[in-house]
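Keeping their order, the protein sequence lines are chains Y and L.
Heads up: the first sequence at position 24 corresponds to 23 in numbering that gives the first Met the number 0, and the numbers run straight through without jumps.
Heads up: the second sequence at position 42 corresponds to 41 in numbering that gives the first Met the number 0, and the numbers run straight through without jumps.
Virtual Cβ for every residue (Gly too), placed ideally from N, Cα, C.
This report refers to the structure that appears directly beneath it.
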Amino acid sequence: MFMRKCALFVLLISFNVFSQEKDPNLGQPATLEIIERWNIDVFPSGKGLPEGQGTVHAGKKIYKAYCLSCHGLDGTGDSADELAGAAHSLTDKPPDKIIGTYWPYATTIFDFIRRSMPLNAPGILNNNELYAVTAYLLYLNDIIDKNRIINANTLPKVQMPNRYGFIDIYQKKIMND
Amino acid sequence: MTGGLLDRRFFLKKGITFSVAVLASEPLHASTENYRQPWMEKPGEPFSNYGQPSAHEKETIRWTMGNSMAKGNGVSWTPLHDLEGTITPNGLHFERHHNGVPQIDPQKHQLLIHGVVKKPLIFDMDVLLRYPMVSRQCFIECGGNSNTGWRDEPIQTAAGYFHGMVSCSEWTGIPLKILLNKTILEESAKWVIAEGGDASMMNVSIPLEKMMDDCFLAIYQNGERIRPENGYPLRLIVPGWEGVVNVKWLRRLHLCNTPTMARNETSKYTELLPSGKARQFTFVMEAKSLITNPSYGYQLDKKGIYQISGLAWSGRGEIVKVEVSADGGKTWVEAELQQPVLSKCFTRFRIPWNWNGESTILKSRATDETGYVQPERKELIAERGKHGYFHYNGIVSWEITSKGVVSHVYA
């Protein structure tokens, strides 16, 4: 009995030593320069938003040139998602789950367009153009007025109609900060 | 009494003849008089560098559906109705791409881990290949799988072409905990934003707790390097959680104290309830099962004994029980579970059934190790309404007509 316990103990010790040695420890320290270049994450607080700004007027032109072919006139949808002009509320059947009725944060619009749109040429828009087309989509959804300028300071302050519409199932709470 | 369902050990008894349900399009081959078949009269084909399925299995394919303006945006379904066992062949694993399959050069692919860590690190692929690895069989299911179940009319298409956004593989890779610990996490780290290296730079936020628990960075799928469409050269595996968080082409992990609120965790992959509120961060794929044989498209040719076969899985752990009903849900009989039953993995169930030739309805119902029981469709709808789109796991019903035709019904 004693022998067996002893053997197990030795086994555990050697396993621990072994698992330490197994790690080749080969990750290279990531420089600030690489992190800043790669990290494009944007948060509801506005953290991560770049410099630059855009107007609804400029955004309309960007939209026509780069977005209309898939998302339709004034964002009413075509081969790709409807981006504005909801005809139904969230409690209608069927509901319209779009930027103006469903999206909780305006920062998500900028983030998503920057990483993924236009689908046929992602990365083609500069920050001013991204802010502008974000402004235009907010305007089309009656969330901001025509003269509002959108930038890193104003975008996180835009109150989205469905800001409090989500229940966090993972943490089991209503999202209300 | 049980609609003809037989004891699951029935086939072990001797001297039983049984019938086979066949896909309606498949002809039955007549036997030849000659003792040599034509292919036995000449030498066969030479060796091949990479084996392909038989030319007679050309119908066993993924059903693909791409956007008209962007062919790489859409999905493809695993033909579950044509497959047996629990492992999905690599070429048939379901796909969901937001903007196509990137052709990644592994020499140029790196993984960056940064954020609220003391030591941000960057890894080359050849370096990652030197880390200790683990293998695990698990399913990956898209949160949008089976979404036509919410529709008012039952869709009439092969089982895989509406439930086949789920597949199961043996994934091999590095436990994420090993790499995260190397970066020395700050105490404020609560979430990890995972980003893919595709044209859509798809990203999602995942709780750190789960990442440290059982997530790993897969490099191999069923023994070979992951296929491009499944994330080559590096895929984050989040066992039991919806497909979208199993980020393909993984290139960046950002440790944070809050989620980023990405488009794919707000606008999509959230479930609107009848109240107008929506469920968010509903990561776990709840228990589900489905009879794959017979299912839509199969033809039962005569009354007699058939072998019912299907799949069950749960994102919460092991499947402990699958019950089958052959009388539309009035009575249920426990099916045999193929061993070994693994956690968060496909479980194959089978049960023999003596069809009396009359019309009836087949159903299956899974129970997992937490005691969760797969709900009837009407129970699911009573709780969630019909407009949540994601996370449909209602019981599936197949109607068998007296002519042996199988169709999809709500019952």
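Is residue i near residue j, with beta carbons less than 8 Å apart?
i	j	result
residue 309 of chain L	residue 284 of chain L	no
residue 252 of chain L	residue 193 of chain L	yes
residue 115 of chain L	residue 235 of chain L	no
residue 71 of chain L	residue 330 of chain L	no
residue 296 of chain L	residue 80 of chain L	yes
residue 164 of chain Y	residue 277 of chain L	yes
residue 327 of chain L	residue 410 of chain L	yes
residue 151 of chain Y	residue 50 of chain Y	yes
residue 42 of chain Y	residue 133 of chain Y	no
residue 370 of chain L	residue 343 of chain L	no
residue 148 of chain L	residue 391 of chain L	yes
residue 218 of chain L	residue 299 of chain L	no
residue 110 of chain L	residue 182 of chain L	no
If we count the other Cβ atoms within 10 Å of its Cβ and call it buried at 16 or more, is residue i buried or exposed?
i	result
residue 436 of chain L	Since the first residue of chain L shown is 0 and the last is 410, residue 436 of chain L is not available in this structure.
residue 120 of chain Y	exposed
residue 102 of chain L	exposed
residue 49 of chain L	exposed
residue 151 of chain L	exposed
residue 176 of chain Y	Low confidence applies to residue 176 of chain Y: its pLDDT is 47, below 50, so where it sits in the model is not reliable, and the reading given next is rough at best. Exposed is the call here.
residue 6 of chain Y	Reliability fails at residue 6 of chain Y, whose pLDDT of 43 lies under 50, so the model's placement of it is uncertain and no value is given.
residue 113 of chain L	buried
residue 84 of chain L	exposed
residue 145 of chain L	buried
residue 158 of chain Y	exposed
residue 322 of chain L	buried
residue 402 of chain L	exposed
residue 351 of chain L	buried
Going by DSSP in three states, residue i sits in which element: helix, strand or coil?
i	result
residue 166 of chain Y	strand
residue 127 of chain Y	helix
residue 142 of chain Y	coil
residue 162 of chain L	helix
residue 108 of chain L	coil
residue 135 of chain Y	helix
residue 98 of chain Y	coil
residue 180 of chain L	helix
residue 7 of chain Y	At residue 7 of chain Y, the pLDDT of 43 sits below 50, so the modelled position is not reliable; the number obtained from the coordinates is stated separately. Note: residue 7 of chain Y maps to helix in three-state DSSP.
residue 115 of chain Y	helix
residue 1 of chain L	coil
residue 77 of chain L	coil
residue 399 of chain L	strand
residue 33 of chain Y	helix
residue 126 of chain L	helix
residue 155 of chain Y	helix
residue 110 of chain Y	helix
residue 272 of chain L	coil
residue 286 of chain L	coil
residue 262 of chain L	helix
From the options, pick the residue whose C-alpha is nearest to that of residue i; which is it?
i	options	result
residue 102 of chain Y	Y:74, Y:41, Y:22 and Y:82	Y:82
residue 140 of chain L	L:93, L:118 and L:185	L:93
residue 128 of chain L	L:173, L:165 and L:148	L:173
residue 263 of chain L	L:65, L:124 and L:95	L:95
residue 78 of chain L	L:164, L:43 and L:131	L:164
residue 86 of chain L	L:146, L:347 and L:242	L:347
residue 69 of chain L	L:266, L:99 and L:249	L:99
residue 333 of chain L	L:358, L:353, L:306 and L:363	L:363
residue 94 of chain Y	L:136, L:378 and L:386	L:386
residue 324 of chain L	L:345, L:286 and L:349	L:349
At 9 Å on the CB atoms, spell out the chain L contacts of residue i, in chain order.
i	result
residue 114 of chain Y	194, 199, 200, 201, 202, 261 and 262
residue 172 of chain Y	Those within 9 Å of residue 172 of chain Y in chain L number zero; the least Cβ separation is about 10 Å.
residue 109 of chain Y	Chain L residues near residue 109 of chain Y: none, gap ~11 Å exceeds 9 Å.
residue 138 of chain Y	Ordered by position in chain L, no residue passes the 9 Å Cβ test against residue 138 of chain Y, which lies about 18 Å from the chain.
Name the chain L residues whose beta carbon is nearer than 8 Å to that of residue i?
i	result
residue 158 of chain Y	Residues of chain L passing the Cβ test: none, with the nearest at roughly 15 Å.
residue 167 of chain Y	279 and 280
residue 164 of chain Y	275, 276 and 277
Can you name the residues of chain Y whose CB is closer than 9 Å to the CB of residue i?
i	result
residue 130 of chain L	21, 22, 23 and 25
residue 133 of chain L	Under the 9 Å cutoff, chain Y gives no residues; its nearest Cβ is about 12 Å from residue 133 of chain L.
residue 126 of chain L	23, 25, 26 and 27
residue 68 of chain L	68, 69, 77, 78, 79, 118 and 119
residue 111 of chain L	29, 33, 34, 37 and 38
residue 118 of chain L	26, 28 and 29
residue 178 of chain L	26
For residue i, go through chain Y and note every residue whose CB falls closer than 7 Å to its CB, in chain order.
i	result
residue 271 of chain L	89, 94 and 96
residue 108 of chain L	Correct list: empty, because the minimum Cβ distance to chain Y is about 13 Å.
residue 121 of chain L	26, 27, 29 and 33
Taking 7 Å as the cut-off, is the C-beta of residue i nearer than that to any heavy atom in the ligand SAH?
i	result
residue 330 of chain L	Questions concerning the ligand SAH fall outside what the structure shown contains, since it holds no ligand whatsoever.
For a contact defined as C-beta to C-beta under 7 Å, what are the partners of residue i on chain L?
i	result
residue 101 of chain Y	266
Applying a beta-carbon distance threshold of less than 8 Å, which residues of chain Y neighbour residue i?
i	result
residue 251 of chain L	37 and 38
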